[in-house]
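The structure under discussion appears below in the form of structure tokens.
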Amino acid sequence: MFTGIVEERGQVLAADGARLVVGCRTAREGSEVGASVAVNGVCLTVADRPERALAFDLSPETLDRTSLGRLRPGDPVNLERPVTLLTRLGGHLVQGHVDGVGEVADVRPDGAGGAVLTVRAPEGLARYLAEKGSVTVDGVSLTVAGLQGDAFRVALVPHTLRATTLGTARPGDSVNLEVDVIAKYVERLLVGAVPAAGAGRGRRG
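Residue numbers are given in this note's numbering: position 165 of the sequence shown equals residue 165, and the series is strictly consecutive.
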């Protein structure tokens, strides 16, 4: 489990499809082989610990459902180690299970050193987004500032621009999206409740 508060911006050292090697310092501390680390919002398992780096194996499922397969050496990535019971929950509950890959539609300075980022969500994902609700974009916990069709807006403060890869986001870029898990559970419960509500209604003779 993660919080969406990026600890470090690492750099891709090697990416050959099935193996991803990321140069990092902070995220490497305490991350032994078998530990979990969120890379651009994707929960991955540490497979090896080269000097000043972490290596991860990418499954076909991960390559199909996330943007990690498009990474190239030199690309920056957002890194976060799992939350602990002693850690403040500064963002929101993030599983590191990507729901879909969105596309950056627009990036505009806000006049105060930050920016407004507009992202188009893939089909079927926008229904889980709510204004002032939470969403994770490439591993960054953000608040939905506005909705329009399948697109949503988020405000990026100067710190987020400096500390994460969103500071270099451009229209057309692919970003990993994870919606608030509570929204998915609520939908599941409501779908299950529909037949149950009418189960006791019999025909009167």
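All C-beta atoms, glycine included, are put in the ideal place defined by N, C-alpha and C.
Q | Anticipated Cβ contact below 8 angstroms, GLY90 with ALA155, distance rounded | A | Translated into positions along the sequence shown, residue 90 becomes position 90. Translated into positions along the sequence shown, residue 155 becomes position 155. So it is not a contact: roughly 16 angstroms between Cβ atoms.
(Q) Please classify LEU212 as buried or exposed, where buried requires at least 16 other C-beta atoms within 10 Å of its C-beta. (A) Absent from the model: residue 212. The displayed extent of the chain is 1 to 205, so no value can be given.
Q.
Can you find the residues in the same chain that come closer than 6 angstroms, C-beta to C-beta, to ALA38, ignoring five residues on each side of it along the sequence?
A. If you number the sequence shown from 1, residue 38 lands on position 38. Here the set comprises PHE2, GLU80, GLY96, GLY139.
Q | Extent of the continuous beta strand (DSSP E) to which ARG120 belongs | A | The residue given as residue 120 occupies position 120 in the sequence shown. Unbroken beta strand (DSSP E) run through ARG120: 115 to 120.
Q | Nonlocal neighbours in the same chain, by C-beta distance under 7 angstroms from THR179, ignoring five residues either side | A | Residue numbering aside, residue 179 sits at position 179 when the sequence shown is read from its first letter. A small correction: the amino acid at residue 179 is Val; Thr does not occupy that position in the sequence shown. Contacts found: ASP99, LEU125, TYR128, LEU129, VAL135.
Q. Taking DSSP as the reference, what is the three-state secondary structure of VAL144?
A. Here residue 144 is taken as the residue at index 144 of the sequence shown, counted from 1. In this structure, VAL144 counts as strand in the three-state DSSP scheme.
Q | 8 angstroms CB neighbourhood of ALA121 in its chain, flanking five on each side removed | A | Within the sequence shown, numbered from 1, the residue matching residue 121 stands at position 121. GLY100, GLY102, LEU129, ASP150, ALA151, PHE152, LEU177, listed in sequence order.
Q) By Cβ distance, which residues of its chain are closer than 8 angstroms to ARG65, with the 5 residues on each side in sequence left out? A) The sequence position of residue 65 within the sequence shown is 65, counting from 1. So the list reads VAL98, GLY100, VAL101, once near-sequence residues are dropped.
**Q.** Close Cβ partners of THR87 (< 8 angstroms) along its chain, the five nearest in sequence each way excluded
**A.** Residue numbering aside, residue 87 sits at position 87 when the sequence shown is read from its first letter. Around THR87: THR3.
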